[in-house]
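In my numbering, the protein residues as written are 12 to 312.
Each residue gets a CB set at the ideal place from its N, CA and C atoms; glycine is no exception.
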Ligand code: MG
């Protein structure tokens, strides 16, 4: 399996002056962080957490351990800064991280940002929100509909950076060709339900950049109450051996080819059919040379 495309979009929304969301788009590492705190401390928290991920990157080892270590390192940095700087006291951030490897997609998660998977037209939420209302729904004391309208629906029960240690949910899901994974802040999911998110992807089936922008625009069209951030990536079959690809096991190649550059580079993202055609032509040439050889031998004989 390989990452065939990826895209991100972020917007402050229509009610907030500042964007306190941050994201990481460094395949095979993707993440989203939604900061909270007085003044602009939320912005500091989410950016510190995202920078911690970018600095540390994906190292060898079990991906579930890696994803927990990455979020715990982000937690240390935000917590330490909050203690050094009185204006940042109490700041924190959500964090939802995805690492892609051969085994699938490993998710690490704290807070109420979300990871979804779109497969065969069905959208599935992969993460459980660490929020007050989600816990009340899980214990049967609120219905999902009541939770959606609850005045305290944005109160989270776990955050990165508010305590010396953080409890991280970590799990791996098997990927299939055609899967699209979406990481997003609550500024998207408070505005759009599953059907709303799905219909944006359906409108842009082969263009993740357009889908990412479309999600932000759709959330803004219905109010844009909060900062909106989305990061998405699509999975596809490996191309045949020997090709230069944006491979999930080739992080150095990846680093030079992320973002628009990767998508604009035709050799990097050529579909398998193109590559097979490339392999087929020399075989035809060989057959032609052999046929000419036989003809020459017959004439000379
Ligand atoms: Mg938010």
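Please report how far the alpha carbon of residue i lies from the alpha carbon of residue j, in whole angstroms.
i, j, result
"residue 208", "residue 226", "7 Å"
"residue 138", "residue 97", "33 Å"
"residue 155", "residue 148", "6 Å"
"residue 240", "residue 224", "10 Å"
"residue 213", "residue 221", "11 Å"
"residue 238", "residue 32", "7 Å"
"residue 77", "residue 93", "24 Å"
"residue 51", "residue 173", "16 Å"
"residue 40", "residue 171", "18 Å"
"residue 152", "residue 37", "40 Å"
"residue 233", "residue 165", "18 Å"
"residue 75", "residue 45", "22 Å"
"residue 199", "residue 55", "21 Å"
"residue 244", "residue 67", "21 Å"
"residue 231", "residue 25", "7 Å"
"residue 202", "residue 15", "28 Å"
"residue 127", "residue 159", "18 Å"
Tell me, which residues are paired with residue i by DSSP?
i, result
"residue 148", "Residue 148 pairs with nothing; no bridge assigned."
"residue 17", "244"
Just curious, the alpha helix (DSSP H) that residue i is in, first and last residue?
i, result
"residue 83", "74-95"
"residue 55", "52-67"
"residue 115", "Where residue 115 is concerned, there is no enclosing alpha helix (DSSP H), although the beta strand (DSSP E) it sits in stretches over 115-121."
"residue 159", "155-159"
"residue 108", "From DSSP, residue 108 is part of no alpha helix (DSSP H) but of the beta strand (DSSP E) over 106-112."
"residue 186", "First-last for residue 186: undefined, no H or E at that position."
Please name the residue, chosen from the options, that lies closest to residue i on a Cα-to-Cα basis.
i, options, result
"residue 85", "72, 99, 58", "58"
"residue 133", "20, 44, 53, 205", "205"
"residue 143", "167, 107, 185", "167"
"residue 111", "90, 71, 122, 121", "71"
"residue 114", "185, 176, 75, 194", "185"
"residue 228", "15, 120, 19, 13", "19"
Could you spell out the range, first to last residue, of the beta strand (DSSP E) harbouring residue i?
i, result
"residue 197", "Element bounds for residue 197: not the beta strand (DSSP E) but the alpha helix (DSSP H), 197-200."
"residue 129", "125-130"
"residue 37", "32-37"
Since residue i contacts residue j with CB under 8 Å, what's their CB separation in whole angstroms?
i, j, result
"residue 107", "residue 194", "5 Å"
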